[in-house]
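Peer 1: All the letters of the sequence shown, read from the start, carry residue numbers 80 to 159 under the working numbering.
Every residue gets a Cβ at the ideal spot worked out from N, C-alpha and C, and that includes glycine.
What follows is a structure written as structure tokens; I'll ask about it next.
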Amino acid sequence: MGDRGIRKANLTPIAASGSIGSYRAEIEPNGSTGAGLFTTVAEEQIGDVVEGQLELFVGGQLLLLNAGDSFVYHANRMEA
């Protein structure tokens, strides 16, 4: 895992420059991006929670997602 308990793998070719990229993120319990943001080059962010819970901050709002939940938002809405 990464230094904050997060491992991210790009599932789409790096040369692809479309508006949607596909990543797999594995987050350990209590894992966090810390003061930084979880960023990608994609314009849209789409994801689903496979196991556990995820706290997601989008547009200044905290969302608590559980296993089976999914999300989508435009990347310019992401705020610290």
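Label residue 106 either buried or exposed according to how many other C-beta atoms from any shown protein chain fall within 10 Å of its C-beta, with 16 as the threshold for buried.
Peer 2: One-based indexing of the sequence shown puts residue 106 at position 27. The residue in question, residue 106, is buried, as its Cβ has 16 or more Cβ neighbours within 10 Å.
Peer 1: Assuming residue 146 contacts residue 128 (C-beta within less than 8 angstroms), just tell me the rounded distance between them.
Peer 2: What you label residue 146 is simply residue 67 of the sequence shown in a count that begins at 1. What you label residue 128 is simply residue 49 of the sequence shown in a count that begins at 1. Contact holds; Cβ gap of about 5 angstroms.
Peer 1: Sorted by chain position, which residues of the same chain lie with C-beta nearer than 6 angstroms to residue 148's C-beta, five sequence neighbours on each side aside?
Peer 2: For the purposes of this step, residue 148 is taken as the residue at position 69 of the sequence shown. So the list reads 128, once near-sequence residues are dropped.
Peer 1: Rounded to whole angstroms, what's the CA-CA distance from residue 102 to residue 151? Just pull it up for me.
Peer 2: Taking the sequence shown and counting its residues from 1, one reaches residue 102 at position 23. Taking the sequence shown and counting its residues from 1, one reaches residue 151 at position 72. Taking C-alpha positions only, residue 102 is separated from residue 151 by approximately 14 angstroms.
Peer 1: State the Cα-Cα distance for the pair residue 88 and residue 134, rounded to the nearest angstrom.
Peer 2: By one-based count along the sequence shown, residue 88 stands at place 9. By one-based count along the sequence shown, residue 134 stands at place 55. Near 20 angstroms, if we compare the C-alpha coordinates of residue 134 and residue 88.
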